[in-house]
Every structure is written in C-alpha cells, then in structure tokens.
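End of the sequence shown sits at 197 in full-length UniProt numbering; the numbers just go up one at a time, nothing left out.
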Amino acid sequence: MSRLSKIPRPWSPESVEQTVVASPPLDVTETISDVESISSTSTTSTAEHAKLNIPSAILLLVASTALAYETAENLVTSLEGLVSSHPEISREWLTLIIIPIISNAAEHTTAVVVASKGKFDLAMNVAVGSCIQIALFVIPVLVLVAWGMDKPLMLFFDELETLVLFFSVLLVKFSVEDGKAHWMSGVVLIGELHIAV
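1. For valine 169 and isoleucine 134, I'd like the C-alpha separation in whole angstroms.
2. Distance check for alanine 105 and serine 78, CA to CA, integer angstroms please.
3. I'd like to know whether the C-beta atoms of valine 181 and phenylalanine 137 end up nearer to each other than 8 angstroms.
4. Compute the Euclidean distance between the alpha carbons of leucine 155 and isoleucine 89, then round it to the nearest angstrom.
5. Counting C-beta neighbours from all protein chains within 10 Å, is the total for alanine 57 16 or more, i.e. buried, or is it exposed?
6. Where are the alpha helix (DSSP H) runs, 4 residues long or more, that stay fully inside the UniProt domain "Sodium/calcium exchanger membrane region" (57-191), in chain order?
7. In whole angstroms, give me the CA-to-CA distance for alanine 196 and phenylalanine 166.
8. Candidates Lys173, Thr162, Leu160, Val143: which alpha carbon is nearest leucine 153's?
9. On the CB-based measure, 16 or more other CB atoms within 10 Å of its CB, does valine 113 come out buried or exposed?
10. Tell me whether aspartate 178 is buried or exposed, calling it buried when 16 or more other Cβ atoms sit within 10 Å of its Cβ.
11. Under a three-way DSSP split, which group does isoleucine 54 fall into?
12. When the Cα of methionine 124 is compared with those of Val176, Ile54, Pro55, which residue comes out closest?
13. Just the Cα atoms here: how many angstroms apart are threonine 110 and isoleucine 132?
14. Helix or strand or just coil, what does DSSP make of histidine 194?
15. Report the rounded CA-to-CA distance for alanine 68 versus valine 62, giving the unit in angstroms.
16. Tell me the rounded alpha-carbon separation between proline 100 and lysine 117.
Next up, the structure:
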C-alpha cells in the first residue's frame, strides 16, 4: 500500500460516479424560473427610495454650500495670521500641500482602506480620478471664474516646475500601471513628493 492511499479523502472516484449516475436529470426550466424569482425579489428589496423631497434637498445643498464657504473663508484668513506670526512657515507650503491634504482627508482614507482590502483598482480610481478631476475640470473653471471677476489667475509654470510636474506624472504612471501595490512604489512616490516640495 502506498503512502498516498493512506491519506483520507472526502471522496473517491467510485463515490463521484455513483453520485452522478444516481442524481435525477436537471430540469432547466425550473432552475431558470427559480433564478428569475430570486433576482426579481432581490432587486425589489434593494431598491432605494428618496428620503428627501426636492425642495428640502435643494435647501440642504444651499445651506451646506454656504457653511463650506464660510469655513473656507475662515481658514484662509487664519492662514494670514499664522504666516505672519511664524515666518519659517511658507504660505506656498500651507496652500499647496497642507490644505489639499486636509480637505481631501476622507478621500485619502477611502483609498487607503480599499487598498488595504486588496481592491487596488478601486484605490487607484479614487486617487488618480481625483487628480484628473482637479486638473481637467476644477482648474479651468477657476481660471474662467477669476477671469469673470477681473482677477486673472495665471497658470504660469517655469521650467523647473514643468519638469517636476512631468516627471511626477510619469512616476505615478509607472507605479500604478501594473495594478499591484508594492512598498517600493510607495517609497518612490513619497520621495518624489519631498523632491517636488
């Protein structure tokens, strides 16, 4: 008797053959109707219903927008006092690094949580999608709004800033193109952030 025959198996070829022969033929029409009834009950039970009427939703949207505006205005005015009382802190560092990190904390947390669960594609969609939205929508809208308010917003980058931006985009592209997370990619991206700042 060989060593392999002593290993207990949950099945044997004979038991599989007996199960296949002894099982009744499958009625496909009953199976399809069962699947359709299950899917129809699951879609009706998971359907979402509106909890607010339209005027309440619009009022809530306007109120939250006004509150966000007031909070942002207070944040910007408090930065002036912070920069004047602490000259070692640069205004550019606060406005280009700290404020975007704080304002997008929920989005960053979502990306980290889904990446830790192994859903790297979703994490990249959250992170890179946000960058694309800012670059292709928010900045052009801000330029147009500033132009309409007669306060020109120039997006003038000198040669060094253009090179840093170009290589940053290239580095992110090469880091995420394989769809896998690796600690070295994170180290390289954090190092690139320190070089850019």
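Every residue gets a Cβ at the ideal spot worked out from N, C-alpha and C, and that includes glycine.
Nothing here was measured: the structure is a model prediction, and the numbers come from that model.
Concretely, from the data shown:
1. In a straight line, the C-alpha of valine 169 is about 14 angstroms away from that of isoleucine 134.
2. Rounded to whole angstroms, serine 78 and alanine 105 show a C-alpha spacing of 20 angstroms.
3. In the sequence under discussion, the amino acid at residue 181 is alanine, which differs from the valine named in the question. Result no, Cβ atoms of alanine 181 and phenylalanine 137 do not sit closer than 8 angstroms.
4. Computed Cα separation, rounded: 23 angstroms.
5. Alanine 57 is classed as exposed because its beta carbon has fewer than 16 other beta carbons within 10 Å across all chains shown.
6. 99-103, 105-116, 120-133, 139-148, 159-176, all fully within the UniProt domain "Sodium/calcium exchanger membrane region" (57-191).
7. Alanine 196 and phenylalanine 166: Cα-Cα distance of roughly 11 angstroms.
8. Answer by Cα proximity: Val143.
9. Counting C-beta atoms within 10 angstroms of its own C-beta, valine 113 has fewer than 16 neighbours from the protein chains shown and is therefore classed as exposed.
10. Classification of aspartate 178: exposed, given that the 10 Å Cβ count is below 16.
11. Residue state, collapsed to three classes: helix.
12. For methionine 124, the closest C-alpha among the options Val176, Ile54, Pro55 is that of Val176.
13. Computed Cα separation, rounded: 17 angstroms.
14. Reduced to three states, the DSSP call for histidine 194 is helix.
15. Taking the straight line from one Cα to the other gives about 10 angstroms.
16. Cα-Cα distance, rounded: 25 angstroms.
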